[in-house]
Ligand code: 17E
Ligand code: FE2
């Protein structure tokens, strides 16, 4: 495979990308536009980027909104309750069909790398069994990392520790947690110690739903970060949501930032989800309920954006388009300075790839997999401004998704 007339984020002008055996062989600057030959893919001066990444989604809950009841309060806690009702009725086939439908939505938007949380607070582990099969079946479209996610707690849920261990024995890739939902602060702390022990012993990555609340006293991020620091596991650890950081006072946060930098863990913010679920106990002024994305980024920490939900008890919208999340995140997090706009695609590509630990398996670099996306935009700025659609998605040298460019005509009255 050979791509011509590609624009890149890293160099001006047009480029050709030569692929061989599923890998990027050469990237060469063109002195002028080239006519496409049969067998070449003409990027038509559009932007070519590495595949988009979805670092945080719940594929087991896709398309369950309103089943059997809608989340009327819009709180995280009612979401967990409604999901508990639906969880009691899930089947293997139902879960697989919904997860595959979710994956198709992601793939249609140029996403090829996905980390999904899967609820393991279920004595049957039905959702996990389904997603383990989906991980293999969906391999031609996406790489899937499965987080064993204890939605109802590790310590507070009957048999929670044993279920986590069973889930990891069965082949979950990443250890999850939810310390802010445990019954007591002590349980929250011990759950983090337990999950970090499991991860260290098994050589697994960690991704914790951490402090997903407006409660400024929810301070499990410091526990997670300190555990990552003393065990030297920062590169393996992600803190998701951390919305309480948006409510911490600055004096505490400045101390916390020092620890976060020393621990060097990654962060995922899900800005549409958090603006929807948080702030629910406020009147006015009303908090935004998102973590300090710009501040983490400026402090040199790795931070990225995720979708979290596709039509589930926590969030009734969602369509797989991570550029919609990026657009919302830039607004919500006060990140629309020109420099932010130029670099912000990093928040849905390179930064997420780093959180997922993709290493040299990812990136528009000679020798790496020939996996990339052509967006319908001439630059990163335009891609963000227009929420550009993915026109082509190429994976290991094969086209896996193709979309016709938009054709719009204005028909002014004559
Ligand atoms: N579960 C949870 O605890 N938090 C969320 N944002 C979702 C599920 C979607
Ligand atoms: Fe989540």
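In the working numbering, the protein residues as written are 27 to 440. The beta-carbon is built from N, C-alpha and C at its ideal position, and this holds for glycine as well. None of these values were measured; they are calculated from a predicted model.
Check, Outcome
"So the candidates are 397, 200, 233; which of them puts its Cα closest to the Cα of residue 28?", "397"
"Can you name the residues that DSSP bridges to residue 32?", "41"
"Which same chain residues, not among the five before or five after residue 187, have their C-beta less than 8 Å away from its C-beta?", "180, 181, 220"
"In the DSSP assignment, the beta strand (DSSP E) including residue 200 goes from what residue to what residue?", "200-203"
"On the premise that residue 428 lies in contact with residue 349, defined as a C-beta separation below 8 Å, what is that separation, rounded to the nearest angstrom?", "Not really, about 18 Å apart at Cβ, beyond 8 Å."
"Residues in its own chain within less than 6 Å of residue 178 by CB, not counting five upstream and five downstream?", "147"
"Do residue 84 and the ligand 17E come close, with the Cβ less than 7 Å from some heavy atom?", "yes"
"Buried or exposed, going by whether 16 or more other CB atoms sit within 10 Å of the CB of residue 240?", "buried"
"Closer than 7 Å: is that where the CB of residue 237 sits relative to any heavy atom of the ligand 17E?", "no"
"So does residue 340 have its beta carbon nearer than 7 Å to some heavy atom of the ligand 17E?", "yes"
"For residue 469, collect the residues of the same chain with a Cβ closer than 8 Å to its Cβ; drop the 5 residues on either side in sequence, then sort them by chain order.", "What the structure shows of the chain is the stretch from 27 to 440, and residue 469 is not part of that stretch, so it cannot be assessed."
"Out of 61, 356, 282, which has the shortest C-alpha to C-alpha gap to residue 247?", "282"
"Going by the beta-carbon positions, is the gap between residue 80 and residue 173 smaller than 8 Å?", "no"
"In the DSSP assignment, find the beta strand (DSSP E) that holds residue 66 and state where it starts and stops.", "66-68"
"Our contact map puts residue 101 next to residue 303 with C-beta atoms below 8 Å; I'd like the distance itself, whole angstroms only.", "6 Å"
"Could you have a look at residue 282 and say whether DSSP puts it in helix, strand or coil?", "helix"
"Taking residue 183 as part of the alpha helix (DSSP H), name the residues at either end of that continuous run.", "Segment: none, residue 183 is in no alpha helix (DSSP H) and carries neither H nor E."
"Give the secondary structure of residue 235 by DSSP, where H, G and I count as helix, E and B as strand, and everything else as coil.", "strand"
"Is the beta carbon of residue 266 within less than 7 Å of some heavy atom of the ligand FE2?", "yes"
"What does a CB cutoff of less than 6 Å around residue 288 pick up in its chain, not counting 5 residues either side in sequence?", "255"
"Can you check whether the CB of residue 399 is closer than 8 Å to the CB of residue 85?", "no"
"Mapping the DSSP letters down to three states, classify residue 129 as helix, strand or coil.", "helix"
"Which residues mark the beginning and the end of the alpha helix (DSSP H) in which residue 365 is found?", "364-369"
"Go through its chain and collect everything with a Cβ distance to residue 404's Cβ below 8 Å, but skip five positions before and after it.", "33, 71, 72, 73"
"How far does the beta strand (DSSP E) with residue 292 in it reach, from first residue to last?", "292-295"
"How is the alpha helix (DSSP H) around residue 103 delimited, first residue to last?", "102-113"
"Counting only runs of 4+ residues fully inside the stretch 117-175, write out the alpha helix (DSSP H) ranges in chain order.", "118-134, 152-163"
"Give me the Cα-Cα distance between residue 393 and residue 261, rounded to the nearest whole angstrom.", "23 Å"
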